[in-house]
Structures are given as structure tokens and as C-alpha cells.
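Numbering (this note's numbering), first residue to last: -2 to 253.
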């Protein structure tokens, strides 16, 4: 009897397996995955040391008054980190499918997204009333005028006792280059400036608030001279500071 029915049982088992897989693919298939560190983070940094412009020693020395700067970091569902120019967190509605018995039914859910491209604001009518916007003037991206680069990938690991590293190239013709002057005939083009940033996360912090150490190496000043005494400026400037890293949203989706 089993010999005669085996050709019937095998196809039946296969159909049952296929049905199980189809059901598993239906429910919540659009829900973004998350990790313990996913979301939008603000680094509030106090720069308290800068190396001397004319010294060959690049060791930072204490400054008379701390200088505050902000960095905006985003960690996606895979743990990848990006440095952002600006970010706006907005709630939106997204369609997804759920399993109702043996069929898939469409439904809506509310999720938060991080919009980093101002051109996409038009897709979110309530962004003006409900959106939370964060900006940072300390870091500019792109090498060309009117560059629309809004994020840069950050190397390293977002974890306690680990470091994040990112290099920013500030183009000679970028609209915010500090050495480019629109109305000066000799300074129509600036200097290519490179900034190497390191964020070191201290151990023992909470899930949403972490202490950090910050350091930066600025290059691209070789050959420059000070206007007051014509002395040569150092080829590299070192900057250091410390601060906090706080999570302001758990949204994992970046809208670029």
C-alpha cells in the first residue's frame, strides 16, 4: 500500500511546504529590521585643543575657550554608519501586507524615516508641522560647487571601546570653502582641504547616551604663510575634544 501511495504523498508534502513558505513571506515583509544601535545620533563635541599654526609639533594645546561643534551620525539596520549634513525625522504611513487566514491583506502602519535630501520634503506634506530637523554647519561635503552630497560612509565600528573614522575632502571650488572668495580676483578658487575625523566611543555608557573622544587632522595648508609676519603655516593641524553621543530617533530608513 505504501509503495502505491508514495508518488501521491511526496507531491502533497511539497505543496504543503510551498504553502508554508508563501505564508511566511506575506506577513510584515516591509518592516525594517533594527539593531540595538540603529537610529539617528547627535554628537555634541567641545573642541578643547588645537595645534599651533606655526609649530612643527602637531600636539594640540589647550584653547582659552571650548568651541562647540555638532556631528550627525546615522546607523542603519545592518550597523553601517553615515555622517550626515542634515537630517529631518518625520512620521509617515507605509503600506504592508499581513496574513489573514490563508490570504494576504493590505494594511497601513506608521513608521519614522530620516529625510536627508531637502528635495524630498515635498513627499511628506506634514514635515513642516511634525518633522524634527537637525543640522550641522561643522562639516561640508562634496568637491564641486553646489554639491548635493548629503552623506558619507563612516569606517570602523559603532561599539564601546571602538572608533569611527571618516575622511572629508573639501573641494577647492566648493561654495563654502574658507579659502575661496567670490569677489577677490586672486581667490576665485580655494584650496583642497582634507579632514580626517575620529570618534572614539567610551565603554560603560547607556544604549542611548555615550561619551566620546574626538580628534581631527586637517591637511591642505602646505605653502601658506601668515599675513602678519609671512611665516610658513604648518602642513597639518591637529584638533581634539570630547563630548556626548545621544540617540534622538530609532528610525533606520534614510530618504536620500
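Backbone N, C-alpha and C fix where the C-beta goes; we use that ideal spot for every residue, glycine too. The structure displayed is predicted, hence computed values, not measured ones.
Do the CB positions of residue i and residue j come within less than 9 Å of each other?
i, j, result
"residue 58", "residue 76", "no"
"residue 171", "residue 191", "no"
"residue 137", "residue 82", "yes"
"residue 200", "residue 209", "no"
"residue 89", "residue 119", "no"
"residue 159", "residue 197", "yes"
Am I right that residue i and residue j are in contact with their C-beta atoms under 8 Å? What's the rounded C-beta distance?
i, j, result
"residue 235", "residue 53", "The pair is not a contact, with the Cβ atoms about 12 Å apart (cut-off 8 Å)."
"residue 161", "residue 146", "Contact doesn't hold; Cβ gap of about 18 Å is too wide."
"residue 86", "residue 128", "7 Å"
"residue 61", "residue 42", "Actually they are not in contact, since the Cβ atoms of residue 61 and residue 42 sit about 17 Å apart, beyond 8 Å."
So the beta strand (DSSP E) residue i belongs to, where does it begin and stop?
i, result
"residue 198", "190 to 198"
"residue 43", "36 to 47"
"residue 268", "This structure does not reach residue 268, given that the chain is present from -2 up to 253, and the question cannot be answered."
"residue 153", "148 to 153"
"residue 175", "Premise fails: residue 175 is in no beta strand (DSSP E) and is neither H nor E."
"residue 82", "Unbroken run through residue 82: none, as it is neither H nor E."
"residue 62", "58 to 72"
"residue 50", "Premise fails: residue 50 is in no beta strand (DSSP E) and is neither H nor E."
"residue 163", "159 to 167"
"residue 250", "250 to 252"
"residue 218", "Where residue 218 is concerned, there is no enclosing beta strand (DSSP E), given that its DSSP letter is neither H nor E."
Output the boundary residues of the alpha helix (DSSP H) element that contains residue i.
i, result
"residue 237", "First-last for residue 237: 233 to 246, but that is the beta strand (DSSP E), not the alpha helix (DSSP H)."
"residue 125", "124 to 127"
How would you call residue i, buried or exposed, if buried means at least 16 neighbouring beta carbons within 10 angstroms?
i, result
"residue 240", "buried"
"residue 206", "exposed"
"residue 99", "exposed"
"residue 203", "exposed"
"residue 248", "buried"
"residue 237", "buried"
"residue 21", "For residue 21, the predicted model reports a pLDDT of 46, less than 50, meaning its position is unreliable; a value from the coordinates is still stated below. Residue 21 comes out exposed."
For residue i, collect the residues of the same chain with a Cβ closer than 6 Å to its Cβ; drop the 5 residues on either side in sequence, then sort them by chain order.
i, result
"residue 155", "34, 72 and 78"
"residue 173", "137"
"residue 130", "85"
"residue 195", "160, 162 and 212"
"residue 153", "160, 161 and 162"
Can you give me the Cβ contacts of residue i inside the same chain, cut-off strictly under 7 Å, excluding the 5 residues immediately before and after it?
i, result
"residue 114", "147, 252 and 253"
"residue 186", "169, 170 and 177"
"residue 193", "164, 213 and 214"
"residue 216", "191, 232 and 233"
"residue 243", "38, 39, 205 and 206"
"residue 149", "79, 80, 138, 163 and 165"
Apart from the five residues on each side of it in sequence, which residues of its chain come closer than 8 Å, Cβ to Cβ, to residue i?
i, result
"residue 133", "66, 67, 68, 69, 81, 82 and 83"
"residue 44", "60, 63, 64, 65, 66, 211, 236, 237 and 238"
"residue 36", "71, 72, 244, 245, 246, 247, 248 and 249"
"residue 56", "48 and 235"
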